[in-house]
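Before any comments, here is the structure.
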Amino acid sequence: MTSSRGGGSGGGPFGPPEPDVPQASLHWERRYAADEKVWGDGPSPLAQLTVARLRPYATPDLRLLDVGCGYGRDTRFLARELGCRVLGIDGSPAAIEAARREHADAVRRSGKGSLAAEYLAADLASFAADPEHAGAFDVVFACNVYHLLGPIGRREFAAALAAVARPGGLLFLSTLSPRDPQHYAKGEPVSGEERSWVDKVYLHFCTAEELERDLAAFEVLDLEERAYDEARPGLPVHHHTSWFLEGRRR
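The sequence shown: position 89 = 89 (the numbering used here), numbered continuously.
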């Protein structure tokens, strides 16, 4: 999990580049263009948690935004399991093309007709700046994007999440913890930044205090570290420890 499912770091899909923060957008555009299913077809642990929390309350009218959706594995899972409308956005056009292909294949295989998921090539900052999207979503989902962003990018990302969530709406977010055994302290340290390294892509390992500060627009309902294994098709399993945050828009 050396990147989000569709993110860049310190710029690219999420805003202007930051000094000394390498961008990952080209790295992931190439991988998505090569039709790599980096994390397989199954849902992420955050998507499984989100479904478990929301299933008792989900209705077809629920609007959910999947930020950094990549090839759409979580977008489809959330739409199918919750029976609601899900929009997946990603700054990588190749990722969105892959998501649409995978969506069509999933619908064809299921034989159950349509699936209420759509995909849009867009960076979160531009998406959130559109007045049509202000407070438009009941649930915002952001899996493994936050740790790809530099300090400015993380604050802007948090502000954009708050902008698209309705008052009282929910946020589900995951990001790598400093206790992550797979990537922490691997690569070159970023000068002047604590807990940040570059190993192919930039990664920041935040503390609970950082998350609560940057996401102050949300009341934290639950914040915990979870260890889990991440299967990767044809590659060794990754072992991770991440923060899983559930918040409510103030």
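We put the CB at the ideal spot given by N, CA and C, even for glycine.
Item to check | Closest Cα partner of Asn144 within the set Ser126, Cys206, Leu221 | outcome: Cys206
Item to check | Ala158 versus Pro181: straight-line alpha-carbon distance, rounded | outcome: Those two C-alpha atoms are separated by around 26 Å.
Item to check | Presumed contact (8 Å Cβ cut-off) between Arg232 and Gly40, rounded CB distance | outcome: 7 Å
Next on the checklist: Taking contact to mean 3 or more Cβ pairs, one atom from each stretch, closer than 8 Å, check whether the stretch 46-59 and the stretch 74-89 are in contact.
Outcome noted: yes
Checklist entry - Expressed to the nearest angstrom, what Euclidean distance is found between the alpha-carbon atoms of Leu223 and Phe172? => result 10 Å
Item to check | Spatial neighbours of Arg31 in its chain, beta-carbon cut-off 7 Å, leaving aside the 5 residues before and after | outcome: Val38
Next on the checklist: What would DSSP say about Tyr119, mapped onto helix, strand or coil?
Outcome noted: strand
Item to check | Contact set for Leu87: own chain, Cβ-Cβ below 6 Å, skip 5 residues either direction | outcome: Leu65, Glu118
Checklist entry - Is it a yes or a no for the stretch 100-115 touching the stretch 125-143, going by three-plus beta-carbon pairs under 8 Å? => result no
Checklist entry - What did DSSP end up calling Gly153 once you bin it into helix, strand or coil? => result helix
Next on the checklist: Distance check for Pro60 and Arg85, CA to CA, integer angstroms please.
Outcome noted: Counting only the Cα atoms, Pro60 lies some 7 Å from Arg85.
Item to check | Nonlocal neighbours in the same chain, by C-beta distance under 6 Å from His183, ignoring five residues either side | outcome: Leu203
Item to check | Rounded separation between Leu245 and Ser174 - CA only | outcome: 6 Å
Next on the checklist: Assuming Pro236 is part of the beta strand (DSSP E), what are its boundary residues?
Outcome noted: For Pro236, the enclosing beta strand (DSSP E) has its first and last residue at 235-249.
Checklist entry - Under 9 Å, do Leu221 and Val139 count as touching if we go by C-beta distance? => result no
Item to check | Contact set for Ser191: own chain, Cβ-Cβ below 6 Å, skip 5 residues either direction | outcome: Leaving aside the five residues that flank Ser191 on each side, none in its chain has a CB nearer than 6 Å to its CB.
Item to check | Thr241 to Glu230 span [Cα, whole Å] | outcome: When rounded, the separation of the alpha-carbon atoms in Thr241 and Glu230 is 10 Å.
Next on the checklist: Would Ala121 and Gly168 be called neighbours here (beta carbons separated by less than 9 Å)?
Outcome noted: no
Checklist entry - Out of curiosity, what's the CA-to-CA distance linking Trp243 and Ser126? => result 26 Å
Checklist entry - Using the beta-carbon count (16 or more within 10 Å), is Asp199 buried or exposed? => result exposed
Item to check | Minimum C-alpha distance to Ala142 - residue among Trp28, Leu49, Glu29, Asp35 | outcome: Leu49
Checklist entry - Which one of Lys186, Arg249, Asp123 has the shortest CA to CA distance from Ala216? => result Arg249
Checklist entry - If you run the structure through DSSP and keep just helix, strand and coil, what is Glu36? => result Of the three classes helix, strand and coil, the one that applies to Glu36 here is coil, per DSSP.
Next on the checklist: Less than 9 Å between the beta carbons of Gly247 and Glu193, yes or no?
Outcome noted: no
Checklist entry - Would a C-beta distance cut-off of 9 Å place Ala95 and Glu29 closer than the cut-off? => result yes
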